[in-house]
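Sequence positions in the sequence shown follow full-length UniProt numbering and run 20 to 284. Beta carbons: idealized from backbone N, C-alpha and C, even for Gly. One structure is given below, encoded as structure tokens.
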Amino acid sequence: NRRVTIRDLALAKQRGERWPMLTAYDALTSRIFDEAGIPVLLVGDSAANVVYGYDSTVPVTMDELVPLTAAVSRSTRRALVVADLPFGSYQGSPQQALEAASRFMKEGNAQAVKLEGGHTVAPQVEMLVSAGIPVMGHVGLTPQSVNTLGGYRVQGRGEAAAGLLKDAKELERAGAFSVVLEAVPADLAAEVTEQLSVPTIGIGAGPSTDAQVLVWQDMAGLSPRVAKFVKTYADLAGTLRDAAADYADEVVRGSFPAEEHTYSS
Ligand code: KIV
Ligand code: NA
Numbered sequence: 020n021r022r023v024t025i026r027d028l029a030l031a032k033q034r035g036e037r038w039p040m041l042t043a044y045d046a047l048t049s050r051i052f053d054e055a056g057i058p059v060l061l062v063g064d065s066a067a068n069v070v071y072g073y074d075s076t077v078p079v080t081m082d083e084l085v086p087l088t089a090a091v092s093r094s095t096r097r098a099l100v101v102a103d104l105p106f107g108s109y110q111g112s113p114q115q116a117l118e119a120a121s122r123f124m125k126e127g128n129a130q131a132v133k134l135e136g137g138h139t140v141a142p143q144v145e146m147l148v149s150a151g152i153p154v155m156g157h158v159g160l161t162p163q164s165v166n167t168l169g170g171y172r173v174q175g176r177g178e179a180a181a182g183l184l185k186d187a188k189e190l191e192r193a194g195a196f197s198v199v200l201e202a203v204p205a206d207l208a209a210e211v212t213e214q215l216s217v218p219t220i221g222i223g224a225g226p227s228t229d230a231q232v233l234v235w236q237d238m239a240g241l242s243p244r245v246a247k248f249v250k251t252y253a254d255l256a257g258t259l260r261d262a263a264a265d266y267a268d269e270v271v272r273g274s275f276p277a278e279e280h281t282y283s284s
């Protein structure tokens with residue numbers, strides 16, 4: 020009855036056990052995922068899109084993400100809670116990264132943080148790890164860099180494969196406990212997974228990574244559009260639309276509330 024730790028995840032890799040990660044942003048759904056046995060929950064900066072309605076992750080702030088992290092931590096018992104550091108909160112210097120990560124650990128009660136980038140953020144990873152903060156890396160399609168990448172597109176094809184592998188290795192060397200590989204060819208993800216001793220977590224990276232992650236609203240059919248790499252396991256949008264329409268209809272017709280929903284004097 021304790022939380023999953025980064026040590027458990029390292030052992031899973033040694034044993035060849037795959038594990039799932041989901042994003043989480045609020046009390047009720049993170050509790051469900053915790054009860055379902057999802058071992059790692061990421062309070063993603065994808066909250067920019069799915070919670071706050073921005074059209075990229077660039078605008079979202081620590082003030083917006085820290086309270087979501089606190090809600091997920093309060094509502095879960097077993098999952099390792101990882102908080103995404105938002106754009107602009109860590110790239111400037113290791114010291115800046117430490118200040119940002121400390122907020123997520125102290126105010127959000129996260130047990131780890133994630134940041135985007137390869138060798139350029141290795142000094143940040145080293146600083147956080149030496150301060151006692153587990154760090155999850157993230158290479159390939161890094162949405163905070165959408166403006167330099169020129170859109171949301173597959174990364175690491177052809178010539179770019181070697182650089183991506185090098186970046187992943189550099190993150191491991193700097194002390195990252197795991198690395199997300201987003202939107203990269205499956206054979207490259209398999210190669211990175213083989214070469215790293217820490218777990219790789221794929222999203223749009225094929226079947227050979229040590230773990231998989233999806234944005235929960237995407238996998239549950241709540242998001243209006245999803246990428247090729249998403250599998251939809253439920254139709255929550257349809258279910259909620261029907262529930263709202265039925266409720267509206269019954270209110271208009273006067274059939275809700277019925278006697279069983281009503282207090283007598
Ligand atoms: O913000 C997010 O949801 C993520 C995952 C998709 C890896 O970074
Ligand atoms: Na993210």
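{"Query": "Taking the alpha-carbon positions, what's the Val69 to Pro142 distance?", "Result": "31 Å"}
{"Query": "Would you list the residues whose beta-carbon is nearer than 5 Å to any heavy atom of ligand 2, in the order they occur in the chain?", "Result": "Gly63, Asp64 and Asp103"}
{"Query": "Between Lys32, Asp27 and Arg26, which lies nearest to Leu215 when the distance is taken from Cα to Cα?", "Result": "Lys32"}
{"Query": "When you measure from the CB of Leu61 to every non-hydrogen atom of ligand 1, does any distance come out below 7 Å?", "Result": "yes"}
{"Query": "Which residue spans inside the stretch 200-269 form an unbroken beta strand (DSSP E) run of at least 3?", "Result": "219-222 and 230-233"}
{"Query": "So for Gly169, helix, strand or coil by DSSP?", "Result": "coil"}
{"Query": "Leaving out five residues on either side along the sequence, give the residues of the same chain with a beta carbon under 6 Å from the beta carbon of Gln130.", "Result": "Leu99 and Val100"}
{"Query": "Under 8 Å between the Cβ atoms of Gly159 and Gly175?", "Result": "yes"}
{"Query": "What separation, rounded to the nearest whole angstrom, lies between the Cα atoms of Ala179 and Ala263?", "Result": "48 Å"}
{"Query": "Leaving aside the five residues before and after Arg50 along the sequence, list all residues of the same chain whose C-beta is less than 7 Å from its C-beta, in chain order.", "Result": "Ser94 and Thr95"}
{"Query": "Count the other CB atoms within 10 Å of the CB of Glu135; is the residue buried (16 or more) or exposed (fewer)?", "Result": "buried"}
{"Query": "What's the C-alpha gap between Val249 and Leu30?", "Result": "27 Å"}
{"Query": "Mapping DSSP to helix, strand and coil, what is Thr42?", "Result": "strand"}
{"Query": "Let me know the secondary structure DSSP gives Asp64 once reduced to three states.", "Result": "coil"}
{"Query": "Just the C-alpha distance for Leu87 and Asp45, rounded to the nearest angstrom, thanks.", "Result": "6 Å"}
{"Query": "Can you tell me whether Phe275 is buried or exposed? The criterion is at least 16 other CB atoms within 10 Å of its CB, across all chains shown.", "Result": "exposed"}
{"Query": "With a threshold of 16 other CB atoms inside 10 Å of the CB of Thr212, please say whether the residue is buried or exposed.", "Result": "buried"}
{"Query": "Tell me whether Val140 sits in a helix, a strand or coil according to DSSP, three-state version.", "Result": "helix"}
{"Query": "Specify the secondary structure class of Asp74 as computed by DSSP and reduced to three states.", "Result": "coil"}
{"Query": "Tell me whether Ser197 sits in a helix, a strand or coil according to DSSP, three-state version.", "Result": "strand"}
{"Query": "For Val232 versus Ala195, is the C-beta spacing smaller than 8 Å?", "Result": "no"}
{"Query": "Check for me: the beta strand (DSSP E) holding Leu99 runs from which residue to which?", "Result": "Leu99 to Asp103"}
{"Query": "Could you check the C-alpha separation between Ala187 and Leu61 for me, to the nearest Å?", "Result": "19 Å"}
{"Query": "With DSSP collapsed to three states, give me the class of Val59.", "Result": "strand"}
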